[in-house]
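Encoded as structure tokens, the structure appears first; notes follow it.
Numbering (the UniProt record's numbering), first residue to last: 1 to 749.
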């Protein structure tokens, strides 16, 4: 849209009003076109989800744009950066301003709908609706004001428009904004289940019905006549030329996309590229349809079709972004190209500047749009993801459920503590034939053992990323325990882990199980894990899970010093993944209660150790970094939590005396301790190994010496502390052999 076409309220005729309202209706009908187009491109089980998201896009746009967004975009300018009037319809009298609002509302809905297609198939409805509200209130109207803020109030001087940026109907303002919001959303929510193999190779996802997609394209093609033709904001002699240019660009793009996909790209995704290429031509001509000739429109379309095919490959195969409907190549790359075409193909007499200066201004506008939109969208999606979640659970994604979210909690307790990350896995051999978990476990036992021994198994998470063997073992162990009775659960874990052959194999696997220090350090940069195993098979182990700002850290020690401690640690880790990841339980006392029940069943026939105890000693620390609160529950005397607050003495939090799984007390009472903390406070989870270490004189290091050491060094960085504690251990034991496993974890949340 250009300021040149603005009509005054007095001279605005009935025919002009009628044309703008008809155009607004055509643009609104594009919502149906997007719905039908995307319905044919997504999986059959996701068809209802894409429809309801498109509907909620329009709802979010209607409410948010009317109340706030329109005023920010077209209100009286505050320094050229945002509008400050027309909020909630105040000042929109009958006549041109009201007609202008209706037309612009349809545009806002289009920008939002682009995002829904890009994130389809795995995004929860509620969080997506909230993200759409923010987009309609902040992202779209703020940048829209910079480019179009003088369309309603001619005296406004939005800074980008003042520089001479030209975008007639929104290649950048509408389409690129929607695409850049979508690309951030794609990255934040992750790919659909099984979309990529372990090596990032795309797995084909069958579209539900291309006939719908072609019908959707035709509806959009028609709607674009109103999208571009209505942007004149008057019914004058320029409208037919604009509609002709729009049609020719789409036709040229469809033709070139077909030829390029068929003969250059060897029929790969031919239908998707024909459809997407046509839309890319429509997007590209949107910015320049008022300043180019019909011949130039054809050239723009021909180039846009080829551009689409290359960007389609770039997005999916190079950047590994799962865009089910190809929204980013169409609206993102098409929007960039179309905005540049204003300067490259436009009639120079109709440009604000000379051609090359105009090209620089257009490039600046594209860059500003990308940086601003990506930056604000990232903040919005992080906020939504870290509070209420963004992605559907794997079960809901597979079934096509619309209203279930990944953060659904048990009824009755909706405290933030209950939120936890989801856990899922896909497996396949080196030829990357994907199996569902159930399919893999139904393979003959000998086949599975042979695949594992030949290192021919790849384990994948729900995003299609390769998992370490240990992570897969933990999850699959939980699945096996669900499928089989408790009597055979330990045998299933033994089979899955391939631990029965010798101690060396067990030790190597346990190294993998325990080698996750980077997971904790990645969340708490100022942290350390000091893990020293006495033998190849360690009794001490730890576990970490995180989601939405909540972190759970567990330190544990198996009391049985025999080889079975490896099975105990593997079982504990698999159960933690089931309890936390599958059942979505996070409060420490509930985790310990469920683990205790599992260990009680698994260990009830075990013999007590020399000191009369069997089971697992464990401390569970839940850290809420946003609210600066922590919660702790522990079982057994061998694991302790120490907290060193700034300017306060070291405080020790003890556990109940009874370890998990102790058959003498089948039901235990676990209590949770709440700890408020500030930045710089230190938390330490320690097993008894360091305190029990002997020196050459046979004297124990003792808990008191450990307390003094932690008290003295609590103010240092965790890296310095780790070196200090390692040196202290070496200096103390000297030539003496290591007495027990040593595990000490330190974090500064």
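Virtual Cβ for every residue (Gly too), placed ideally from N, Cα, C.
Straight-line Cα distance separating residue j from residue i
i: residue 716; j: residue 725; result: 12 Å
i: residue 223; j: residue 107; result: 11 Å
i: residue 71; j: residue 343; result: 30 Å
i: residue 592; j: residue 634; result: 8 Å
i: residue 275; j: residue 545; result: 43 Å
i: residue 521; j: residue 534; result: 24 Å
i: residue 581; j: residue 570; result: 16 Å
i: residue 241; j: residue 294; result: 8 Å
i: residue 172; j: residue 158; result: 16 Å
i: residue 674; j: residue 626; result: 15 Å
i: residue 219; j: residue 631; result: 56 Å
i: residue 255; j: residue 283; result: 16 Å
i: residue 292; j: residue 351; result: 11 Å
i: residue 67; j: residue 101; result: 12 Å
i: residue 638; j: residue 387; result: 35 Å
Three-state class that DSSP yields for residue i in the structure shown
i: residue 319; result: coil
i: residue 386; result: helix
i: residue 155; result: coil
i: residue 45; result: helix
i: residue 686; result: strand
i: residue 642; result: strand
i: residue 648; result: coil
i: residue 355; result: helix
i: residue 122; result: coil
i: residue 194; result: coil
i: residue 379; result: helix
i: residue 86; result: coil
i: residue 57; result: helix
i: residue 596; result: helix
i: residue 538; result: coil
i: residue 207; result: coil
i: residue 602; result: helix
i: residue 737; result: coil
i: residue 343; result: helix
i: residue 77; result: strand
i: residue 585; result: coil
i: residue 202; result: strand
beta-carbon residue i near the ligand HEM non-hydrogen atom, thresh 7 Å
i: residue 212; result: As far as ligands go, the structure on display features none, and thus does not contain the ligand HEM.
Extent of the continuous alpha helix (DSSP H) run through residue i
i: residue 185; result: 177-189
i: residue 297; result: 294-313
i: residue 249; result: 238-259
i: residue 727; result: 718-733
i: residue 759; result: The requested residue 759 is not part of the displayed model; the chain covers only 1 to 749.
i: residue 164; result: No alpha helix (DSSP H) contains residue 164, which DSSP labels as neither H nor E.
i: residue 262; result: Counting along the chain, residue 262 falls outside any alpha helix (DSSP H), and DSSP gives it neither H nor E.
i: residue 324; result: Premise fails: residue 324 is in no alpha helix (DSSP H) and is neither H nor E.
Those residues which DSSP pairs with residue i across a bridge
i: residue 631; result: 622 and 674
i: residue 551; result: 546 and 623
i: residue 558; result: 616
i: residue 700; result: 694
i: residue 660; result: 616
i: residue 68; result: Per DSSP, none; premise fails for residue 68.
i: residue 96; result: Answer is none; residue 96 lacks a bridge partner.
i: residue 707; result: Its beta-bridge partners do not exist; DSSP assigns none.
Endpoints, beta strand (DSSP E) assigned at residue i
i: residue 751; result: This structure does not reach residue 751, given that the chain is present from 1 up to 749, and the question cannot be answered.
i: residue 283; result: Not the beta strand (DSSP E): residue 283 falls in the alpha helix (DSSP H), residues 270-286.
i: residue 532; result: 527-532
Exposure label - residue i; buried when at least 16 CB within 10 Å
i: residue 501; result: Any reading at residue 501 must be qualified, since the residue scores a pLDDT of 44, below 50, and its modelled position is unreliable; the value itself is stated next. That one is exposed.
i: residue 383; result: exposed
i: residue 207; result: buried
i: residue 618; result: buried
i: residue 356; result: exposed
i: residue 237; result: exposed
i: residue 354; result: exposed
i: residue 647; result: exposed
i: residue 328; result: buried
i: residue 568; result: buried
i: residue 584; result: buried
i: residue 263; result: exposed
i: residue 301; result: buried
i: residue 702; result: exposed
i: residue 98; result: exposed
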